[in-house]
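Just so you know, the sequences run in chain order A and B.
The opening residue of the first sequence carries number 317 in the working numbering; numbering runs sequentially from there.
The opening residue of the second sequence carries number 2 in the working numbering; numbering runs sequentially from there.
Where is the CB? At the ideal position from N, CA and C, for every residue including glycine.
Being a predicted model, the structure only gives us computed values, none of them experimental.
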Amino acid sequence: MTVSNRSTSHRLMHASMLMALLLSLIPWPPAVLLLQPHWVAMLVAYWSLNAASSRVMYVAFAYGLLLDVLMGSLLGKHGMSLVALSFLVTKSARQLRMTSMGQLLGMVLVLLFNDIIIRAFIDWISYGYKPVVYDLLPLLTAAFIWPWLKYLLDRFQVAVRNS
Amino acid sequence: MESLTSNQKVTQSPLFKFLVLEFICLTLMIADKNHQLAQPVRNTLSLAVIPLIKIIEWPQELFDITQVALSRQASLIEENTRLKEQLLDARFKVQQNVTLAAENERLRAMLNASGNSPLATSVAFVSNINQHQKRQHIIIDQGSSSKVFTGQAVLNLEGVIGQVDVVSQTFSHVILITDTEHALPVEILRTGLRTIAYGDGQKLSLTEIPTSADIQPGDVVVTSGFGNRFPRGLQVATIESTAVSPDRTFQTAVAAPLARIDRLSEVFLVWPGE
């Protein structure tokens with residue numbers, strides 16, 4: 317990969333992460349909000365898989381802190397869960413790339429579940445939050461969105477690289 | 002998985018970076034939770050997210066501007082007359098209140114009671130940004146740069162809304178009184194009975210009323226001023242229904258907030274009088 321390719325890939329990464337932040341800020345009716353996937357976590361998973369380098373962890377950390385400021389949560393809560401997600405994906409990125417789409421989807425869902433668990437645990441420690449079943453609904457939408465997200469971003473990257 | 006070769010440093014390994022970042026996060030969380038030490042970090046980062054908030058608010062602003070531009074003059078004149086009538090009405094009430102306030106002051110002076118200190122207020126606008134936290138938060142457009150502080154009382158014209166929970170440089174998060182973690186010291190206006198109102202997600206529940214106390218649906222609940230967060234005598238809610246707790250030791254009551262908490266556009270911030 318040449319230097320220019322790497323920088324366009326970086327730019328694409330930051331653009332998509334900002335889009336994910338915006339998507340999570342758009343106000344929806346309460347019924348839709350229950351199903352809203354954790355966009356930033358999905359994007360972090362995608363870019364960790366794609367780049368397979370530990371540098372994405374810094375990106376995950378930075379966007380996690382931004383999300384914390386936006387949501388008014390404990391500073392570092394989203395940072396912690398996203399860094400953990402990025403680390404786990406990066407560690408097994410080479411194996412994950414070899415697997416089929418279905419297995420990859422399963423693995424991503426497990427990691428997103430782990431992300432939810434970490435955040436619920438931090439909430440529980442900090443103010444005694446008791447998790448409810450509805451917290452797992454975003455996983456359902458994530459399962460539907462992930463294949464499309466991966467396909468679109470892959471195609472987009474190829475298009476950018478070729479142009 | 003990458004194995005470390007002898008010429009690679011430990012600091013280059015992903016595991017090391019992971020541990021360092023998690024340690025930073027943990028430190029930040031503890032600092033934020035306990036001592037407000039992370040406030041400078043939050044203030045700095047909040048400057049970076051302002052463009053994002055502006056982008057989300059932009060369609061709403063555009064809608065408002067177009068609405069004003071397209072609305073007919075006749076409807077504006079109509080609205081103007083209506084507002085003038087409301088103003089006259091309000092002024093008349095203020096005149097009545099002036100004499101009452103003077104009388105009240107005289108009586109307080111005779112009783113040597115402490116007077117009500119005047120309150121400083123300021124208007125803040127509510128931003129319609131989605132919050133996927135499990136708490137009932139709203140975002141207002143004033144922060145530590147306008148001297149907003151944690152625990153500050155937030156009201157609107159109908160009644161108490163909540164208190165400031167997290168402060169950033171130019172915006173802050175307000176926790177609503179209906180949040181399940183929120184407790185508000187209140188007083189029943191009719192009887193002067195003091196108790197605590199807990200949020201239950203939708204409404205307020207008063208769970209610690211003595212069985213002998215007189216409370217009935219329709220009673221107005223006001224802040225009692227205990228805890229020194231909310232000034233005394235602000236309207237909060239009206240009692241909807243009462244019941245006896247399962248073990249028959251207390252009465253319980255459900256109260257509906259007077260402010261329409263799901264559709265807020267502007268709120269007042271209250272500073273305690275000097």
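Does the beta-carbon distance from residue i to residue j come in below 7 Å?
| i | j | result |
| --- | --- | --- |
| Met333 of chain A | Tyr379 of chain A | yes |
| Ala125 of chain B | Trp272 of chain B | no |
| Trp355 of chain A | Met329 of chain A | no |
| Leu382 of chain A | Val69 of chain B | no |
| Ile434 of chain A | Ser479 of chain A | no |
| Glu182 of chain B | Thr196 of chain B | no |
| Leu185 of chain B | Ala198 of chain B | yes |
| Val187 of chain B | Ser225 of chain B | yes |
| Ser145 of chain B | Val168 of chain B | yes |
| Met373 of chain A | Leu22 of chain B | yes |
| Gln236 of chain B | Gly160 of chain B | yes |
| Leu390 of chain A | Met30 of chain B | yes |
Excluding five sequence neighbours on each side, which residues of the same chain lie with their C-beta closer than 6 Å to the C-beta of residue i?
| i | result |
| --- | --- |
| Phe377 of chain A | Gly395, Val399 |
| Tyr467 of chain A | none |
| Gly202 of chain B | Thr181 |
| Ile438 of chain A | Lys393 |
| Gly234 of chain B | Val223 |
| Asp220 of chain B | Ile189, Arg191, Ile240 |
| Phe231 of chain B | Ala154, Thr224 |
| Ala214 of chain B | Leu194 |
| Met2 of chain B | The pLDDT assigned to Met2 of chain B is 47, lower than 50, so where the model puts this residue is not dependable; a value taken from the coordinates is nonetheless given after this. Contacts found: none. |
| Met317 of chain A | Note on Met317 of chain A: pLDDT 48, under 50, position unreliable in the model; the coordinate value appears next. Closer than 6 Å at the Cβ level, and outside the excluded window around Met317 of chain A, lies no residue. |
Please name the residue, chosen from the options, that lies closest to residue i on a Cα-to-Cα basis.
| i | options | result |
| --- | --- | --- |
| Ala347 of chain A | A:Leu453, A:Gln473, A:Ile438 | A:Leu453 |
| Asn129 of chain B | B:Asp166, B:Gln61, B:Val168 | B:Gln61 |
| Ala254 of chain B | B:Arg261, B:Ala260, B:Ser246 | B:Ser246 |
| Leu338 of chain A | B:Arg73, B:Thr171, B:Trp59, B:Ile176 | B:Trp59 |
| Gln132 of chain B | B:Gly193, B:Ile31, B:Ala32, B:Ile54 | B:Ile54 |
| Leu270 of chain B | B:Val149, B:Leu63, B:Thr171, B:Met30 | B:Val149 |
| Ile162 of chain B | B:Ser147, B:Gln170, B:Ile141 | B:Ile141 |
| Ile342 of chain A | A:Leu421, A:Val372, A:Leu386 | A:Leu386 |
| Asn44 of chain B | B:Met111, B:Thr239, B:Ser147 | B:Ser147 |
| Ser47 of chain B | B:Asn113, B:Ile262, B:Phe172 | B:Phe172 |
| Arg239 of chain B | B:Leu259, B:Leu177, B:Val21 | The sequence shown places Thr at residue 239 of chain B, rather than the Arg named in the question. Comparing Cα positions, the closest option is B:Leu259. |
| Lys204 of chain B | B:Leu177, B:Phe24, B:Leu156 | B:Leu177 |
| Ile441 of chain A | B:Ser242, B:Gln236, B:Lys34 | B:Lys34 |
| Pro353 of chain A | A:Arg471, A:Leu469, A:Ile461, A:Arg477 | A:Ile461 |
| Arg322 of chain A | A:Ser369, A:Pro345, A:Ala409 | A:Ser369 |
| Ser206 of chain B | B:Asp248, B:Leu158, B:Gly228, B:Ala256 | B:Ala256 |
Take residue i and list the residues in its own chain whose beta-carbon comes closer than 7 Å to its own, dropping the five residues that flank it on each side.
| i | result |
| --- | --- |
| Asp180 of chain B | Arg136, Gln137, Gly200 |
| Asn366 of chain A | none |
| Leu427 of chain A | Ala361, Leu401, Leu404, Val405 |
| Ser325 of chain A | Gln473 |
| Pro463 of chain A | Met417, Leu421 |
What span of residues does the alpha helix (DSSP H) with residue i cover, start to end?
| i | result |
| --- | --- |
| Val21 of chain B | 15–35 |
| Glu86 of chain B | 74–112 |
| Thr320 of chain B | Past the edges of chain B, shown from 2 to 275, lies residue 320 of chain B, and the structure says nothing about it. |
| Tyr379 of chain A | 371–387 |
| Leu11 of chain B | The residue asked about is misnamed: residue 11 of chain B is Val in this sequence, not Leu. Here Val11 of chain B belongs to no alpha helix (DSSP H), and DSSP marks it neither H nor E. |
| Leu365 of chain A | 355–367 |
| Ser419 of chain A | Here residue 419 of chain A turns out to be Gln, not Ser, going by the sequence shown. Residues 417–443. |
| Pro343 of chain A | Here Pro343 of chain A belongs to no alpha helix (DSSP H), and DSSP marks it neither H nor E. |
| His394 of chain A | 393–407 |
What are the start and end residues of the beta strand (DSSP E) that includes residue i?
| i | result |
| --- | --- |
| Phe251 of chain B | 251–258 |
| Thr457 of chain A | That residue, Thr457 of chain A, is in no beta strand (DSSP E); its alpha helix (DSSP H) goes 453–478. |
| Leu270 of chain B | 267–272 |
| Val245 of chain B | 236–245 |
| Gln164 of chain B | 161–168 |
| Val124 of chain B | 121–128 |
| Ile141 of chain B | 138–141 |
| Val223 of chain B | 221–224 |
| Gly200 of chain B | 195–200 |
| Ser173 of chain B | 173–177 |
| Glu188 of chain B | 184–189 |
Among the residues of its own chain, which have a CB less than 8 Å from the CB of residue i, if the five just before and after it don't count?
| i | result |
| --- | --- |
| Ser266 of chain B | Phe126, Val127 |
| Leu351 of chain A | Leu453, Pro454, Leu456, Thr457 |
| Phe251 of chain B | Thr208, Glu209, Ile210, Pro211, Thr212, Val245 |
| Ala436 of chain A | Tyr445, Pro447, Asp451 |
Members of the region 28–57 of chain B near chain A, C-beta cut-off 7 Å: Leu29, Met30, Asp33, Lys34, Ala39, Val42, Arg43, Leu46, Ser47, Ala49, Val50, Leu53, Ile56, Ile57
The region 141–162 of chain B: positions lying closer than 7 Å to chain A by Cβ: none
Residues from the region 364–389 of chain A in contact with chain B, defined by Cβ distance under 7 Å: Ser370, Met373, Phe377, Leu381, Leu382, Val385, Leu386, Met387, Gly388, Ser389
Contact list for the region 77–91 of chain B against chain A, Cβ threshold 7 Å: none
Chain A contacts from the region 170–188 of chain B (Cβ-Cβ distance under 7 Å): His174, Glu182
Interfacial residues, the region 412–442 of chain A to chain B, with Cβ spacing under 8 Å: Ile438, Asp439, Ser442
Near-chain B residues of the region 329–343 of chain A - C-beta to any C-beta below 7 Å: Leu337, Leu338, Ser340, Leu341, Ile342, Pro343
Contact residues within the region 13–24 of chain B, judged by C-beta distance below 7 Å to chain A: Pro15, Lys18, Phe19, Leu22, Glu23
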